Amino acid sequence: MKAVAYKEFGTTAVLQTVEQPKPTIKADQVLVKVKAFSINPMDWKIRKGEMTLMSGSKFPKNTGTDFAGIVEEIGSSITGIKKGDEVFGVVKNMMKEGVSSEYVAVTSSLVWKKPADITFAQAASIPVVGTAAVTALEKMGDINSKSSILVNGATGGFGMFLLQLLKQRDAKVTAVTSTKGIAYAKGWGADIVIDYTKEDVLSMKATYDIVIDLSGTMGYKTAKQIMKPKARFLNPTPKPIEIPLSILGNLFTGKKHIAILSSPSTRCTDILLNAVNKGLQIEVNKVFPFAQYKEAYDYAEQGGYIGKVAVEIN
Ligand SMILES: NC(=O)c1ccc[n+]([C@@H]2O[C@H](COP(=O)([O-])OP(=O)(O)OC[C@H]3O[C@@H](n4cnc5c(N)ncnc54)[C@H](OP(=O)(O)O)[C@@H]3O)[C@@H](O)[C@H]2O)c1
């Protein structure tokens with residue numbers, strides 16, 4: 001089968017189309033013919049060697065984490081999924097496995113039936129950022145219509161899910177985005193939208209109960225300026241040392257620093273599918289054909305898109 005793989009860390013120049021054997025499955029796995037996979041910032045952070053503590057340095061590596069496709073074969077112990085089902089899912093070891101190939105073998109507990117009214121590219125966009133958004137929501141604690149929440153970097157994949165989940169909680173949300181994201185942020189439920197290309201959220205008068213930075217541009221130290229005395233800062237990209245330091249630091253300060261580490265599960269996916277049923281929109285900004293995977297990664301890494309970017313395989 002055709003796959004995209006790399007044998008050294010680097011830019012998209014290291015990505016190559018290679019022939020790999022079609023995977024064989026274990027009793028608890030399904031073989032899926034991949035129709036689409038989505039692109040996540042984690043893909044290029046791993047490819048560039050920025051996460052070697054978790055990804056290791058063993059090559060070749062495939063890329064991509066969440067996918068959608070059609071079940072081709074099921075393991076002997078599997079019930080509830082059958083050959084021909086349209087599904088979406090995620091690999092078990094997001095740091096070491098990849099889905100950038102014509103077929104993937106995956107644990108059946110991380111594969112779910114695709115709603116009929118969304119595309120393969122939309123379904124492939126759910127697991128990683130959708131789960132992260134559910135986890136972030138849960139880390140916010142008891143939020144209600146009086147809670148003020150700042151989402152910095154609100155119109156990428158993670159923000160798209162989070163804004164819409166927050167809207168269902170009736171919280172007061174301020175979204176920070178660039179000019180082209182304004183209409184999307186409003187449509188997804190933000191009460192106030194700040195265009196970061198024109199205004200600086202730090203120099204405005206408001207303070208928040210929750211600050212979450214999805215842009216990688218605002219750390220906890222900076223965020224403290226705009227946090228209320230007992231506010232929470234949610235950090236989806238904690239450095240390894242920040243995890244124990246934040247737990248220790250939180251014992252001595254009202255302004256809490258909380259790392260978000262999410263892991264897809266059926267529980268989170270059920271919450272997301274329920275939200276999709278209630279009208280949550282999945283914006284896939286651009287879908288590239290498999291032959292243009294390098295362009296897809298270059299496009300996504302450059303930023304400036306709304307929602308998600310995906311690659312389709314025919
Ligand atoms: N911990 C976890 O479990 C977990 C899971 C998933 C993702 N993540 C992390 O969460 C982060 C967000 O993920 P994502 O998939 O949503 O990424 P993304 O699609 O790249 O979104 C990032 C957003 O930040 C915005 N942005 C860039 N510069 C900004 C600035 N100066 N001020 C405000 N906003 C700015 C971008 O807007 P423009 O493009 O318009 O500039 C973009 O919409 C990534 O770092 C990702 O690695 C963590």
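Here the sequence shown stands for residues 1 to 314, numbered as in the UniProt record's numbering.
For glycine and all other residues, C-beta sits at the position ideal for the given N, C-alpha and C.
Small disclaimer: the values here were computed from a predicted structure and weren't measured.
| query | CB Leu234 to CB Gly156, shorter than 8 Å? | reply | no
| message | Check for me: the alpha helix (DSSP H) holding Gln29 runs from which residue to which? | response | That residue, Gln29, is in no alpha helix (DSSP H); its beta strand (DSSP E) goes Gln29 to Ser38.
| query | Between the segment 114–131 and the segment 266–281, are three or more C-beta pairs nearer than 8 Å? | reply | yes
| query | So Ala185 is in the alpha helix (DSSP H); what residue range does that whole segment cover? | reply | Ile182 to Gly187
| message | Which of the three DSSP states is assigned to Ala175 in this structure? | response | Ala175 falls in the strand class under three-state DSSP.
| query | Quick one: is the Cβ of Gly153 within less than 7 Å of any heavy atom of ligand 1? | reply | yes
| request: Give a single yes or no on whether Ser262 has its beta carbon closer than 7 Å to a heavy atom of ligand 1. | output: yes
| query | Under the criterion of a Cβ to heavy atom distance below 7 Å, does Pro229 qualify as lining ligand 2? | reply | The model on display carries ligand 1 but not ligand 2.
| task | For Lys308, collect the residues of the same chain with a Cβ closer than 6 Å to its Cβ; drop the 5 residues on either side in sequence, then sort them by chain order. | result | Ser38, Ser125, Gly157 and Val284
| Three-state class that DSSP yields for Asp117 in the structure shown | coil
| said: For a test of your reading of the model: does the CB of Leu214 fall under 7 Å from any non-hydrogen atom of ligand 1? Yes or no. | reply: yes
| query | What number of angstroms, rounded off, separates the C-alpha of Ala132 from the C-alpha of Cys268? | reply | In a straight line, the C-alpha of Ala132 is about 9 Å away from that of Cys268.
| task | Name, in chain order, the residues that DSSP records as bridge partners for Trp112. | result | Phe88
| request: Note down, in chain order, each residue of its chain lying with its Cβ closer than 7 Å to the Cβ of Ile74, except the 5 sequence neighbours on either side. | output: Once the five neighbours on either side are set aside, the close Cβ partners of Ile74 are Val30, Ile81, Lys82 and Lys83.
| Beta-carbon gap between Asn62 and Ala3 smaller than 8 Å | Taking 8 Å as the Cβ cut-off, Asn62 and Ala3 qualify as a contacting pair.
| request: For the segment 166–174 and the segment 145–154, state whether three or more C-beta atom pairs, one from each stretch, are separated by less than 8 Å. | output: yes
| said: Assuming the contact rule is C-beta atoms closer than 8 Å, Ala154 and Thr177 should be a hit. Round their C-beta distance to whole Å, please. | reply: 5 Å
| Using DSSP with H/G/I as helix, E/B as strand and the rest coil, what is Thr24? | coil
| Residues bridged to Lys16 by DSSP? | This sequence places Gln at residue 16; Lys is not what is there. Looking at the DSSP assignment, Gln16 forms a beta bridge with Ala5.
| query | Does the Cβ of Thr196 lie closer than 7 Å to at least one heavy atom of ligand 1? | reply | Per the sequence presented here, residue 196 reads as Tyr, with Thr not at that position. For ligand 1, at least one heavy atom lies less than 7 Å from the Cβ of Tyr196.
| task | Take Lys33 as the anchor and find which of Pro41, Lys22, Asp43 and Asn40 has the nearest alpha-carbon. | result | Lys22
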